[in-house]
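Residue numbers (this note's numbering): 14 to 438.
Reading through the structure tokens given below for one structure.
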């Protein structure tokens, strides 16, 4: 496994360039048959657009696209002397990852000047969503001057009338939609909705804290997802708008008072999330690579920062190596929080656990109900394969559970031992 891993790391730059090229080619191949591993590689490109979808009627929706200007290439226009960028936004609406059928598609071209772009580029594009149920929106942003394309996938939810995309959320401090699924304590948002005949809503608050994932070889039954709200609040839409202030960390579920399981969920974490900054927070992810006794002793120590520092110093043998491995480890924790957060922090999830210990997967296949990850070469008997199945979760569509097996035991301890020897796995 270690040899294969080293070989793969050497070739990843070439692999990622190839994947980015393929991402710009609209093949007739089903998405479920395409390697989408670039989605979990932070270094896979310069462009990192963010998206939010909002249903403005039963048959029409909007996708908001947010791009940082410094991620586009601006070049001087020979005629005017102005610096301009050139990019396109292309979308395809599909029934699912498994389908070749295109329900709607369009390409929009933009040439903003540097003066126009300022601190942010925000575009909104309408598309048709006549069908009920769940759909998939594929969106590609291409910097035509840099010749780089990044492709993203957004689940379109229309199974419930008051689903999460029936609400448009703005931070009160910003004049643009919210492009993340988490907030900080004391944050204030405005919520807009075009729901017909809906004025009264119910805000359920859950302050539950959830445990981290057990190792992939642990086959004990997972606890069913069954939580009761700690408090309820009646909310009112006035002219299709309301304001909410999130006082405490936890889960806030906003639904119409008709008893449906739809609505929109807000996940409120500590103010520095997705980055872990407090010493007591830094201890948590170490559970994946420590013994039970080591972890318990660190949690009991009064000086949590010293406990974390001493662990990494003992692992690496010197401060310089320690700083390097800490950057890698907690960098993965941060990325896990960005990619995999749902009703719990991403680092605690099954995918987050595997991502932190093993790193970004080399091969990823997605379908409507599952993801499969491969570490190593596809089809190689020394490679490790994980399958995650989508969970039925009232709060999120980003909750995937690992299909656990005792076959992962050797691989897991091999990876953990590498970390404990000061080696980034």
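Glycine residues also receive a C-beta, built at the ideal position from the N, C-alpha and C atoms.
Given the structure is predicted, the values throughout are model-derived calculations rather than measurements.
Check, Outcome
"The alpha helix (DSSP H) spanning residue 200 covers which residue range?", "Looking at the DSSP string, residue 200 is not in any alpha helix (DSSP H), and its letter there is neither H nor E."
"The beta strand (DSSP E) with residue 246 in it runs from where to where?", "244-249"
"Mapping the DSSP letters down to three states, classify residue 89 as helix, strand or coil.", "strand"
"As an exercise, report each continuous beta strand (DSSP E) stretch of at least 3 residues that is fully enclosed by the stretch 107-135, in chain order.", "117-123"
"Pull up the DSSP beta-bridge partners for residue 206, would you.", "180"
"For the stretch 135-172, list the beta strand (DSSP E) runs that are entirely contained and at least 3 residues long, ordered along the chain.", "146-156, 161-171"
"With residue 61 as the anchor, note down where its beta strand (DSSP E) starts and where it stops.", "No beta strand (DSSP E) holds residue 61; DSSP gives it neither H nor E."
"Can you tell me which of 281, 304, 302, 314 puts its alpha carbon nearest to the alpha carbon of residue 292?", "314"
"Candidates 195, 174, 74: which alpha carbon is nearest residue 183's?", "195"
"Looking only at its chain, what residues have a beta carbon closer than 7 Å to the beta carbon of residue 96, apart from the 5 residues adjacent to it on each side?", "87, 88, 89, 126, 127"
"Quick one, which of 151, 113, 101 has its alpha-carbon nearest residue 135's?", "101"
"What would DSSP say about residue 432, mapped onto helix, strand or coil?", "helix"
"Rounded to whole angstroms, how far is the Cβ of residue 164 from the Cβ of residue 151, which I believe are closer than 8 Å?", "7 Å"
"In whole angstroms, what separates the C-alpha of residue 432 from that of residue 376?", "22 Å"
"If you follow the alpha helix (DSSP H) that residue 268 is in, where does it begin and where does it stop?", "Not the alpha helix (DSSP H): residue 268 falls in the beta strand (DSSP E), residues 263-269."
"Only counting the same chain, and skipping five residues up and downstream in sequence, which positions put a Cβ closer than 7 Å to that of residue 214?", "248, 250, 267, 268, 269, 270"
"In chain order, what residues of the same chain have a beta carbon less than 7 Å from the beta carbon of residue 289, not counting five sequence neighbours either side?", "295, 343, 346"
"Is the beta carbon of residue 138 sitting closer than 9 Å to the one on residue 78?", "yes"
"Can you tell which of 419, 426, 44, 430 has its C-alpha closest to the C-alpha of residue 233?", "419"
"Taking 9 Å as the threshold (C-beta atoms), are residue 62 and residue 132 in contact?", "no"
"Let me confirm a value: residue 306 is counted as buried when at least 16 other C-beta atoms fall within 10 Å, else exposed. Which label applies?", "exposed"
"Just how far apart, CA to CA, sit residue 55 and residue 210?", "43 Å"
"Closest to residue 325 by C-alpha separation, out of 80, 434, 367, would be which residue?", "434"
"Of all the options 65, 113, 339, 103, which has the alpha carbon lying nearest to the alpha carbon of residue 321?", "339"
"Should residue 403 and residue 223 be called a contact, given that it needs their Cβ atoms to be closer than 9 Å?", "no"
"Check whether the Cβ atoms of residue 202 and residue 259 sit closer than 9 Å, and answer yes or no.", "yes"
"Taking all protein chains shown into account, do 16 or more other C-beta atoms lie within 10 angstroms of the C-beta of residue 145, making it buried, or fewer, making it exposed?", "exposed"
"Three-state secondary structure (DSSP) at residue 185?", "coil"
"Mapping the DSSP letters down to three states, classify residue 286 as helix, strand or coil.", "coil"
"Taking the C-alpha atoms as reference points, what is the distance between residue 178 and residue 277?", "8 Å"
"Measuring alpha carbon to alpha carbon, tell me which residue in 114, 155, 121, 118 is nearest residue 59.", "155"
"Between which residues of its own chain and residue 328 is the CB-CB distance below 8 Å, once the five residues before and five after are set aside?", "335, 338, 432, 433, 434, 435"
"Taking Cβ to Cβ, would you say residue 286 is nearer than 9 Å to residue 264?", "no"
"Please look up how many angstroms separate the CB atoms of residue 73 and residue 142, rounded, as I've assumed it's under 8 Å.", "7 Å"
"Strictly by DSSP, which residues pair up with residue 255?", "204"
"For residue 190, which of helix, strand or coil comes out of DSSP?", "strand"
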